[in-house]
Structure formats: C-alpha cells, structure tokens
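Take a look at the structure set out below.
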Amino acid sequence: MDSTTQAFLAALLGAVVAGAAVFAWAMSERSRSRVPEVEAPKVPPEVAAVLSVLRSSAVVVDEDDTVLKASAPAYALGLVRGTSLVSPDLSELVHNVRRDGQIRETELVISRANGASRHVSARVAPLGTRLALVLVEDRTRERRVEAVRRDFVANVSHELKTPVGAIRVLADAVTEASDDPEAVRRFSTRMITESERLTELVQQIIELSRLQGDEPLEAPVAVDVDKVIVAAVDSSTVDADAKSINVVSSGTAGLHVFGNEEQVSTAVANLVSNAVAYSEPGSTVTVSTRATDGSVEISVVDQGIGIPSTDIDRIFERFYRVDPARHRSTGGTGLGLSIVKHVAATHGGEVKVWSQEGQGSTFTLTLPQHLPTAGQPGTSKEERP
Numbered sequence: 043m044d045s046t047t048q049a050f051l052a053a054l055l056g057a058v059v060a061g062a063a064v065f066a067w068a069m070s071e072r073s074r075s076r077v078p079e080v081e082a083p084k085v086p087p088e089v090a091a092v093l094s095v096l097r098s099s100a101v102v103v104d105e106d107d108t109v110l111k112a113s114a115p116a117y118a119l120g121l122v123r124g125t126s127l128v129s130p131d132l133s134e135l136v137h138n139v140r141r142d143g144q145i146r147e148t149e150l151v152i153s154r155a156n157g158a159s160r161h162v163s164a165r166v167a168p169l170g171t172r173l174a175l176v177l178v179e180d181r182t183r184e185r186r187v188e189a190v191r192r193d194f195v196a197n198v199s200h201e202l203k204t205p206v207g208a209i210r211v212l213a214d215a216v217t218e219a220s221d222d223p224e225a226v227r228r229f230s231t232r233m234i235t236e237s238e239r240l241t242e243l244v245q246q247i248i249e250l251s252r253l254q255g256d257e258p259l260e261a262p263v264a265v266d267v268d269k270v271i272v273a274a275v276d277s278s279t280v281d282a283d284a285k286s287i288n289v290v291s292s293g294t295a296g297l298h299v300f301g302n303e304e305q306v307s308t309a310v311a312n313l314v315s316n317a318v319a320y321s322e323p324g325s326t327v328t329v330s331t332r333a334t335d336g337s338v339e340i341s342v343v344d345q346g347i348g349i350p351s352t353d354i355d356r357i358f359e360r361f362y363r364v365d366p367a368r369h370r371s372t373g374g375t376g377l378g379l380s381i382v383k384h385v386a387a388t389h390g391g392e393v394k395v396w397s398q399e400g401q402g403s404t405f406t407l408t409l410p411q412h413l414p415t416a417g418q419p420g421t422s423k424e425e426r427p
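So the working numbering is basically just the index in the sequence shown, starting at one, shifted up by 42.
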C-alpha cells in the first residue's frame with residue numbers, strides 16, 4: 043500500500059472517529075436537556091385531599107382490588123386490613139361497579155374480629171377508568187335506636203292494655219251489679235285504683251320520653267337537696283304508713299345540686315317509692331346525703347327483698363321488673379328506675395346500686411354539687427340526726 047493510500051485511510055478513520063464523537067456529544071446534550079417523564083399518581087391529589095377531610099369512611103381501590111387510599115374512619119371501622127377490603131360483600135359490590143360502571147348502593151353487616159358487627163350503608167362509584175371509590179356510613183346507632191323505639195312502643199302498648207282492660211271489666215261488673223250497692227262500691231274502688239295506675243303510667247311515659255331527648259338542661263339552678271328529700275318522703279307517707287315502714291333522713295344537711303328541681307325531685311321520689319314498695323312491713327328506709335369530690339350522693343337504703351345478681355344489670359331497663367308477679371301488688375310501672383337513670387345522665391351524674399337477696403338494696407344517685415357563695419342559702423352544713 044503506497045503512502046497516498048495510507049494517508050487517505052487515516053484521514054477517513056479520523057473523520058469517522060470525529061463524527062462519532064460529535065454524535066455522542068449531541069446525544070448527551072439532548073438527553074441532558076430533555077425533561078424526565080414523571081409517572082402520574084395513581085390517586086389524583088384532589089381525591090386524596092377530599093378523603094382526608096371526609097367524616098365518613100372512604101376507600102379508593104384499583105383494578106386489582108388493591109386499596110390505594112383510605113380515610114382514617116375506614117380503618118377505625120375495620121373496612122381495610124393492609125391493602126385489602128375486609129368484607130367480601132363489599133368487594134363483590136366493587137366488582138359489579140367496575141364491570142358496568144354503574145353506581146351502586148346497599149346495606150351491609152360488617153363483621154369485626156375485635157368488636158360487635160356494624161350495620162353500614164355502602165355506596166360505590168367508578169373513579170375514572172381504573173379506580174373505584176367506596177363510601178361507607180355506619181348506621182349501627184340508627185338501627186339500635188330504631189330497635190329500642192320498636193320495643194318501647196310494644197311495651198307501652200302491653201302496659202297500657204292491662205289497666206284499660208281492667209277498667210273495662212270492672213265497668214261491666216258495676217253495670218251487672220247495679221242493684222248491689224256494696225258490689226258497686228267495691229268495683230268502683232278498684233276502678234279508681236286502676237285509673238290512678240293508668241294515669242301514673244302515662245305521666246311516666248311522657249316524662250321518660252322527654253328525658254330521652256338528650257336535650258341540655260334549660261336554665262339549671264341550685265336545687266335544695268333537703269327540700270327534695272322532704273318532698274320525696276312526704277309523697278310515700280301513705281304507702282309507708284300502710285306497711286308500718288319508718289322512713290328516716292340522715293347525713294349532711296344544707297347541700298345543693300346544680301340542675302332541674304322537678305327532675306331531681308322525680309328521681310329521688312322514685313327511689314324512695316321503690317324502697318317502700320319492696321320493703322317488708324315494719325322495716326326502715328333510710329335516705330342519706332353526703333358531699334364528695336364536687337358531687338352530692340343521695341343514697342336510699344331499704345331492707346327489702348333484694349335484687350338477684352343476674353338482674354342487677356337490667357333493673358334500669360324500661361318496664362323491667364325483678365319480680366313480675368309482684369308488680370300488681372306494688373303498683374309499679376317498671377319505669378321509675380329508667381327515669382332515675384336518665385335524670386342522672388341529663389345532669390352529668392350517675393346512679394349505682396348495691397343489693398343482696400334477702401338483705402335489701404342501696405341506690406345511690408350522684409349529681410354535681412352546687413357551691414353557693416357567701417350569703418346565699420346552703421353555705422352552712424350540718425349533720426342530720
């Protein structure tokens with residue numbers, strides 16, 4: 043190969059190398075100036091922002107049923123575990139929505155491993171082409187309230203039917219015995235008793251319905267506990283005298299509670315009335331008071347039949363009676379202790395019970411204490427004899 047050819051090849055090789063270098067530099071500059079592609083987020087930021095402020099349970103799932111985003115209430119309700127929906131029924135609803143793109147709603151029962159089942163309403167809607175949005179509202183409380191309302195209506199109907207039926211029977215008896223003055227007098231007396239029982243039942247139903255409204259107390263005032271106890275004892279005097287029961291008061295005098303005087307009086311009167319009704323003849327019922335930690339405790343102690351341990355947790359239920367066979371003789375409606383419970387709750391207090399079969403019971407109503415300023419009634423306290 044002559045020198046001319048060698049020079050030509052060297053020049054050609056140099057041109058190729060130079061061209062490759064220029065091409066590499068150009069590609070490097072191009073890649074450096076190119077804006078990198080950012081993968082779009084799976085959950086749009088607007089949706090994530092909305093989920094963070096929703097009070098209801100909300101979940102976003104993708105086409106593989108993977109939970110991409112869930113609100114805090116969804117975790118609290120037990121809808122999500124890890125990245126999966128817990129309820130198979132809810133997952134099936136999501137599948138149906140993804141299949142045809144139609145919004146669906148249904149009622150479900152969500153079972154939870156560490157708690158009672160929850161009744162919920164679920165609404166599932168497509169969110170774009172790949173995602174689905176699940177909205178769940180807990181309806182457990184509404185279901186419970188509705189069940190309580192149904193039971194209340196059924197119980198009221200049953201309780202009202204008893205005295206109304208008795209009055210009807212007695213009226214027929216009076217008509218048939220119109221020529222017997224003694225029989226008319228006897229049946230009329232029983233009619234008065236049944237009508238009084240009916241009146242008391244209606245009044246207590248109205249009172250209980252008003253207390254169950256969970257409405258705050260209107261214009262609470264300082265309630266004189268001594269006055270309330272005197273009224274409660276006086277209201278049971280006739281029944282106590284008929285059974286030779288001695289009702290006594292003891293404890294700290296001059297105490298005041300903060301609340302509604304009528305409601306507090308009703309609650310204490312119900313406790314004293316129950317104590318007298320279920321005490322044995324010749325026994326003693328004691329009503330005592332004391333102040334403790336900013337509260338006033340009003341305790342009613344009887345020497346009655348007592349309450350079985352199996353019934354302790356149910357005695358504050360409406361119309362519940364420990365001894366159903368005895369309620370006719372005591373004249374009770376089964377609502378007195380329910381009213382006491384609701385009065386305590388309305389006033390921010392509580393009612394507790396201790397009882398032993400054959401030894402009697404102690405009911406303690408605790409209410410917030412009102413501390414009068416100097417110069418107002420109730421600033422001095424003394425022990426009752």
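We put the CB at the ideal spot given by N, CA and C, even for glycine.
- Burial of residue 274 is indicated by the presence of at least 16 other C-beta atoms within 10 angstroms of its C-beta.
- For residue 140, the closest C-alpha among the options 151, 128, 176, 114 is that of 176.
- A straight-line Cα-Cα distance of about 11 Å links residue 305 and residue 383.
- Segment contact: the stretch 345–353 against the stretch 266–285, fewer than three CB-CB distances shorter than 8 Å; contact not assigned.
- Short of 7 Å from the beta carbon of residue 313, and not among the five residues preceding or following it, lie these beta carbons of its own chain, in chain order: 342, 382, 405, 407.
- For residue 311, the uninterrupted alpha helix (DSSP H) segment begins and ends at 303–319.
- For residue 137, the closest C-alpha among the options 393, 296, 172 is that of 172.
- Residue pairing from DSSP places residue 340 in a beta bridge opposite 331, 407.
- By the beta-carbon neighbour count (other beta carbons within 10 angstroms, threshold 16), residue 316 is buried.
- In this structure the stretch 109–120 does not lie against the stretch 142–149, because fewer than three pairs of beta carbons, one per stretch, are closer than 8 Å.
- Inter-segment contact for the stretch 288–307 and the stretch 230–247 is absent: fewer than three beta-carbon pairs are separated by less than 8 Å.
- The three-state reading of DSSP puts residue 295 in strand, counting E and B together.
- Taking C-beta atoms under 8 Å as the contact rule, residue 410 and residue 336 qualify, at a distance of about 7 Å.
- In the three-state reduction of the DSSP assignment, residue 152 falls in the strand class.
- When C-alpha distances from residue 105 are compared across 113, 186, 133, 285, the shortest belongs to 133.
- Here residue 181 is not near residue 151, since their CB atoms are 8 Å or more apart.
- Spanning the alpha carbons of residue 338 and residue 299 requires a straight line of approximately 7 Å.
- A residue is called buried once 16 or more other Cβ atoms fall within 10 Å of its Cβ, and residue 158, having fewer, is exposed.
- When the beta-carbon positions are compared, residue 319 and residue 294 stay at least 8 Å from each other.
- One alpha carbon belongs to residue 321, the other to residue 311, and they sit about 15 Å apart.
- Per DSSP, residue 350 has no beta-bridge partner at all.
- Our two residues, residue 103 and residue 192, have alpha carbons roughly 39 Å apart in a direct line.
- Taking a C-beta distance under 8 Å as the contact criterion, residue 354 and residue 385 do not qualify as a contact pair.
- With a threshold of 16 other beta carbon atoms within 10 Å, residue 413 falls short and is exposed.
- Per DSSP, reduced to three states, the secondary structure at residue 279 is helical.
- Beta-carbon to beta-carbon, residue 135 and residue 101 are separated by about 12 Å, too far to satisfy the 8 Å threshold.
- Going by C-alpha positions, residue 153 is about 26 Å away from residue 356.
- DSSP lists 264 as the bridge partner or partners of residue 300.
- Ranked by Cα distance from residue 401, the first of 286, 345, 390 is 345.
- Measuring C-alpha to C-alpha distances from residue 331 to each of 229, 379, 398, 296 identifies 296 as the nearest.
- Residue pairing by DSSP places residue 167 opposite 175 in a beta bridge.
- Taking 8 Å as the cut-off, the Cβ atoms of residue 211 and residue 226 do not count as close.
- For residue 277, same chain residues with a beta-carbon under 8 Å away, outside a window of 5 residues either side, are 311, 314, 315 in chain order.
- CA-to-CA, the gap between residue 231 and residue 403 works out to about 33 Å.
- Contact annotation, residue 178 with residue 164: C-beta distance approximately 5 Å; criterion of less than 8 Å satisfied.
- In this structure, the alpha-carbon of residue 220 lies about 53 Å from that of residue 392.
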